[in-house]
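Q: Right, I'll just put the structure down here and ask away after.
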Amino acid sequence: MNPDHLTNEPEESSLEVGELYIRYKAYAFSIAYRMLGSVVEAEDVVQDCFTGLQSTSAEVIRNPKSYIAKLVVNRSLNFLNSARNQREHYVGEWLPEPIGEMGNLPEESFEQKEMISYAYLVLLERLTPVERAVFVLREAFQYEYREIADWLGKTESNCRQIFSRARRSLPDQLPDKEQTQVDRATKEKLLARFTTAFLNYDVTAMLDLLSEQPVFTADGGGRVHTVMKSMKVHKGVMALLTSKRVLTRLREREWVPTVINGELHVALMKEGKLSEVLCLQTDSLGERIEAVYLVVNPDKLTAISTKAT
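Each residue of the sequence shown is one higher than the last, beginning at 1 in this note's numbering.
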């Protein structure tokens with residue numbers, strides 16, 4: 001293992017907070033976004049982190065990148081624990097906030113190489129806050145258990161157990177974190193087929209596209225009327241997607257293939273403005289659709305570019 005977070009790091013920080021912010025803001029955001037699944041909340045955590053650094057002496061910050069990661073993950077944990085009641089009372093299903101390749105983030109702080117696929121982000125919602133912290137730090141950022149244990153106030157053995165428990169909570173086959181050019185070409189064809197089948201109420205075509213156990217989840221957040229509960233039965237998802245009474249407004253939109261969370265998905269446009277985002281999770285071959293995620297809540301659409309691919 002050769003984690004890049006250990007390379008080219010000074011033994012002791014002599015940088016000003018402004019310099020640390022410029023150098024590490026994207027890295028801090030990538031951790032916070034994986035922890036929280038929200039662009040706005042992640043930005044708040046990052047801002048709070050660097051504000052707190054202003055009163056921290058250089059002697060304390062032995063390794064700036066690791067120190068900032070520690071601050072971010074602990075602030076994210078605090079945020080998740082305090083927001084638990086709010087999310088439990090969220091109207092309908094809660095989906096992560098998608099982010100565009102050229103999202104409207106301050107100073108373009110979220111780079112393409114730091115993207116995480118939307119399907120992967122959805123899966124992280126299954127984990128408890130502590131499981132998510134250990135899993136993200138270990139699996140995504142390759143921190144050693146020793147460091148993670150120190151940051152979270154736990155033993156190294158305990159962190160290993162937490163990671164194992166988190167991994168068991170997730171499917172054996174995890175979605176890819178990133179999309180290759182070959183994957184993107186395959187996804188583009190699948191999106192075109194899905195769009196045509198959906199707009200034409202084509203049951204036969206939809207049968208060819210859906211996996212044996214597809215899932216449909218929509219997030220309106222109480223702001224916009226939509227399907228309130230996840231549909232997890234093949235017959236139900238099929239009926240929902242081919243119904244001439246449900247989701248009818250989606251067929252009135254302009255469907256624009258758009259890079260979202262590093263992958264090709266669909267931005268639905270109404271009178272030139274973004275109205276919904278539709279993300280598809282495919283199987284490992286990219287041939288069948290395992291999940292359809294529809295984000296309708298306007299509060300979760302602010303970080304999406306509507307520029308067509």
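Where is the CB? At the ideal position from N, CA and C, for every residue including glycine.
Remember, it's a predicted structure, so these values are computed and weren't measured experimentally.
Please work out which residues of its chain come closer than 8 Å, Cβ to Cβ, to L264, disregarding the five sequence neighbours upstream and downstream, and give them in chain order.
A: These residues qualify, in order along the chain: Q179, R184, K187, E188, L191, P257, T258 and T309.
Q: Kindly give me the distance between the Cβ atoms of K229 and E19, rounded to whole angstroms, as I take these residues to be in contact under 8 Å.
A: At roughly 48 Å, the Cβ-Cβ gap does not stay under 8 Å, so K229 and E19 are not in contact.
Q: In this structure, how does DSSP classify W94 when only helix, strand and coil are distinguished?
A: Correct three-state label for W94: coil.
Q: Taking C-beta to C-beta, are F310 and L124 nearer than 9 Å?
A: This structure leaves residue 310 out entirely; the chain is present only between 1 and 309.
Q: Write down the C-beta distance between G88 and K300 rounded to the nearest angstrom, noting that I regard them as a contact closer than 8 Å.
A: Reading the sequence as shown, one finds Glu at residue 88 and not Gly. Incorrect: roughly 18 Å between the Cβ atoms, too far for contact.
Q: Measure from the alpha carbon of Q47 to the alpha carbon of each residue in R132, I61, V277 and S76, then state which is nearest.
A: It is S76.
Q: Using the Cα positions of P171 and Y120, report the straight-line distance between them to the nearest angstrom.
A: Each residue's alpha carbon lies about 11 Å from the other.
Q: Along the alpha helix (DSSP H) that carries K300, what are the first and last residues, could you check?
A: Per DSSP, K300 belongs to no alpha helix (DSSP H) and is neither H nor E.
Q: Under 9 Å, do P64 and R34 count as touching if we go by C-beta distance?
A: Taking 9 Å as the Cβ cut-off, P64 and R34 do not qualify as a contacting pair.
Q: Which class does I22 belong to by DSSP, given the choice of helix, strand or coil?
A: Helix.
Q: Based on the DSSP secondary-structure assignment, which residues constitute the bridge partners of F163?
A: DSSP, once it has assigned bridges, lists no residue as partnering F163.
Q: Should A69 be labelled buried (16 or more other beta-carbon atoms within 10 Å of its own) or exposed?
A: Label assigned to A69: buried.
Q: When DSSP labels each residue in this structure, what does T226 get in the three-state scheme?
A: DSSP places T226 in coil when its eight states are reduced to three.
Q: Should D208 be labelled buried (16 or more other beta-carbon atoms within 10 Å of its own) or exposed?
A: It counts as exposed.
Q: Please say whether T217 and Y118 have beta carbons closer to each other than 9 Å?
A: No, they are not a contact pair.
Q: To the nearest angstrom, how far is the alpha carbon of P175 from that of G52?
A: One C-alpha to the other measures close to 35 Å.
Q: Which residue wins for smallest C-alpha separation from I289, given the options I31, T195 and A166?
A: If we check each option's Cα against that of I289, T195 comes out closest.
Q: Less than 7 Å between C-beta atoms, sequence neighbours within five positions excluded: which residues of the same chain meet that for A166?
A: L127, E131, V134 and F135.
Q: Where DSSP assigns a beta bridge to P214, which residues make up the other side?
A: The partner list for P214 (beta bridge, DSSP) is empty, contrary to what the question assumes.
Q: How long is the line joining the alpha carbons of V296 and A205, rounded to whole angstroms?
A: The alpha-carbon atoms of V296 and A205 are separated by roughly 25 Å.
Q: Out of curiosity, what's the CA-to-CA distance linking A197 and V17?
A: The straight-line gap from Cα to Cα measures roughly 53 Å.
Q: Relative to the alpha-carbon of V283, which residue among A149, F29, V45 and V215 has its alpha-carbon at the smallest distance?
A: Note that residue 283 corresponds to Asp in the displayed sequence, not to Val. Comparing Cα-Cα distances from D283 to each of A149, F29, V45 and V215, the minimum goes to V215.
Q: Mind reading off the beta-carbon distance from I31 to V60? Whole number of angstroms is fine, and I expect it under 8 Å.
A: With a Cβ gap of about 19 Å, I31 and V60 do not count as contacting.
Q: Comparing alpha-carbon positions, which option in C279, L247 and E212 lies nearest V224?
A: Of C279, L247 and E212, the residue nearest in Cα terms is L247.
Q: Have a look at Q173 and D202 and give me their C-alpha separation to the nearest angstrom.
A: Rounded to the nearest angstrom, the two C-alpha atoms are 30 Å apart.
Q: Would you list the one or two residues that DSSP bridges to H265?
A: The partner list for H265 (beta bridge, DSSP) reads T258.
Q: Taking the C-alpha atoms as reference points, what is the distance between K25 and V39?
A: Each residue's alpha carbon lies about 13 Å from the other.
Q: Within a Cβ cutoff of 6 Å, which residues of the same chain sit near A239, ignoring the five residues on either side of it in sequence?
A: Cβ within range, chain order: n/a, list empty.
Q: Compute the distance between the beta-carbons of W255 and L210, then report whether it is under 9 Å.
A: Cβ distance not < 9 Å, so W255 and L210 don't count as in contact.
Q: Taking the C-alpha atoms as reference points, what is the distance between S164 and N81?
A: Taking the straight line from one Cα to the other gives about 22 Å.
Q: In terms of alpha-carbon separation, which member of G153, M269, R160 and I304 lies closest to N74?
A: Considering only alpha carbons, the answer is G153.
Q: Tell me whether Q213 is buried or exposed, calling it buried when 16 or more other Cβ atoms sit within 10 Å of its Cβ.
A: Exposed is the call here.
Q: Just mark L268 as buried or exposed, buried being the case when its beta carbon has 16 or more other beta carbons within 10 Å.
A: Buried.
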